[in-house]
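**Student:** Under numbering that gives the first Met the number 0, residue 118 is the last one in the sequence shown; the count climbs by one each step, no gaps. Just so it is clear, CB atoms sit at the ideal spot from N, CA and C, and this is done for glycine as well.
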Amino acid sequence: MAKVSEGGQMSYGINHQVGIKATPDDIYRALAETEKLAQWWTIDTRGSGAKVGDTLEFWFNKASFCQQFNVKELEPGKRVVWKSPKGQGADQWEGPHAGGCPPHAGRDAYRGTADMKLS
């Protein structure tokens, strides 16, 4: 579904459903616990997803690219919501960055909300 923002740019929503043979509680732990996230996405996973307000960083390509998410909602066994912070877009490069994920210079950065419903 496409939307036009106030600035006249198009934004798109994606609904991606995945079937997983696991209980909702196991899936929740795989999304909320840093050690478990590192077992299925990238082994260089930093931060915490255990409580609302936490920040997760997913580092790729020998720590040259990072995708960051802030934990917005947690309902154990039911729902996990992450949101990427501003500054992770193609137009946001500001040069070297000390600590945490640098702003991205490429188009590969994810900008938006990951709303994961477990059922």
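Under DSSP, the beta strand (DSSP E) around residue 56 begins and ends at which residues?
**Tutor:** From DSSP, the beta strand (DSSP E) with residue 56 extends over 54–59.
**Student:** Where does residue 18 land, buried or exposed, given buried means 16+ other C-beta within 10 angstroms?
**Tutor:** Residue 18 is exposed by the Cβ-count criterion.
**Student:** Which word fits residue 31, buried or exposed, when buried means at least 16 other C-beta atoms lie within 10 angstroms of its C-beta?
**Tutor:** Buried, since its Cβ has 16 or more Cβ neighbours within 10 Å.
**Student:** Is it the case that the Cβ atoms of residue 46 and residue 34 are separated by a distance below 8 Å?
**Tutor:** No, these two residues do not count as a Cβ contact at 8 Å.
**Student:** Classify residue 16 as buried or exposed, calling it buried when 16 or more other Cβ atoms lie within 10 Å of its own Cβ.
**Tutor:** The residue is exposed, with fewer than 16 neighbouring Cβ atoms inside 10 Å.
**Student:** Between the beta-carbon of residue 50 and the beta-carbon of residue 73, is there less than 8 Å?
**Tutor:** Result yes, Cβ atoms of residue 50 and residue 73 sit closer than 8 Å.
**Student:** What whole-angstrom Cβ distance do residue 54 and residue 82 have, given they're in contact under 8 Å?
**Tutor:** Residue 54 to residue 82, Cβ: 10 Å. No contact.
**Student:** Quick check on this structure: which residue in 75, 48 and 70 has the alpha carbon closest to the alpha carbon of residue 22?
**Tutor:** Residue 22 has its Cα closest to that of 75, out of 75, 48 and 70.
**Student:** In the DSSP assignment, find the beta strand (DSSP E) that holds residue 37 and state where it starts and stops.
**Tutor:** Premise fails: residue 37 lies in the alpha helix (DSSP H), 33–39, not in any beta strand (DSSP E).
**Student:** Using only alpha-carbon positions, find the residue among 24, 60 and 52 that is nearest to residue 40.
**Tutor:** That would be 60, whose Cα lies nearest to the Cα of residue 40.
**Student:** Which same chain residues, not among the five before or five after residue 28, have their C-beta less than 6 Å away from its C-beta?
**Tutor:** Taken in chain order, the residues that qualify are 35.
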